[in-house]
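Student: Just add 321 to wherever you are in the sequence shown, counting from 1, and you've got the working numbering.
Cβ atoms here follow ideal geometry from the backbone N, Cα and C, with glycine treated the same way.
After the structure tokens below, expect a handful of questions from me.
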Amino acid sequence: TPTITRTPTITPIASSTPTASATPTITPTPTPLPLDESKDEEPDLAIPDGPNGVATSTMSFPHAVTIREARVFLNIDHDDVADLEVNLIHPDGTLLRIRSQGEDDGDDDIRRWFSITGAALNSIRGKPSQGTWTLQVIDTIEGRTGELLSWSLEIYP
């Protein structure tokens with residue numbers, strides 16, 4: 322009788338040799354911290370009674386950076402802050418409206434940050450920050466008075 326010998330067929334399997342690939346490294350871009358200056362009015366700066374009574378305060382901002390964002394802190398005592406309009410003036414003369422007359426109707430004080438946004442921000446974005454900034458507080462209505470106690474300016478480069 323014939324003998325059948327079976328020879329197994331070996332089919333090579335392609336080996337999967339791991340290939341080293343570079344792992345992306347994410348390097349976060351740090352957000353620049355704001356530079357700030359504050360002015361404490363000593364004695365408090367009286368806001369003349371309206372209409373159109375103007376208190377003006379100036380502050381030297383020594384930091385030489387390009388403006389990306391900005392905000393202002395106001396500390397004002399007034400019998401009715403709805404009477405007040407507040408402007409910030411860049412060292413080159415660009416006027417920025419911080420708040421309009423009629424806002425916060427009935428409140429006695431302003432103690433908060435105001436972010437400069439929209440067209441006002443676009444008018445100073447990219448400009449240098451260094452120089453003398455001016456804050457105007459305008460009492461638009463007769464009969465009530467107040468004082469500017471202090472203000473701060475923050476610039477984000």
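1) Just verifying my parser: in three-state terms, what is the DSSP assignment at serine 444?
2) Measure the Cβ-Cβ separation of leucine 417 and alanine 441 and say whether it is below 8 Å.
3) Using DSSP's beta-bridge definition, name the partner residues of histidine 384.
4) Please list, in chain order, all residues of the same chain as isoleucine 419 whose beta carbon is under 7 Å from its beta carbon, the five residues on each side excluded.
5) Along the chain, where does the beta strand (DSSP E) that runs through leucine 354 open and close?
6) If you check the beta carbons only, do threonine 466 and glutamine 422 fall under 8 Å apart?
Tutor: Looking at the coordinates:
1) helix
2) It is a contact, given that the beta carbons lie within the stated cut-off.
3) BP columns for histidine 384 are empty, so no partner.
4) Val393, Val407, Asn408, Leu409 and Phe435
5) Under the DSSP assignment, leucine 354 falls outside any beta strand (DSSP E); it carries neither an H nor an E label.
6) no
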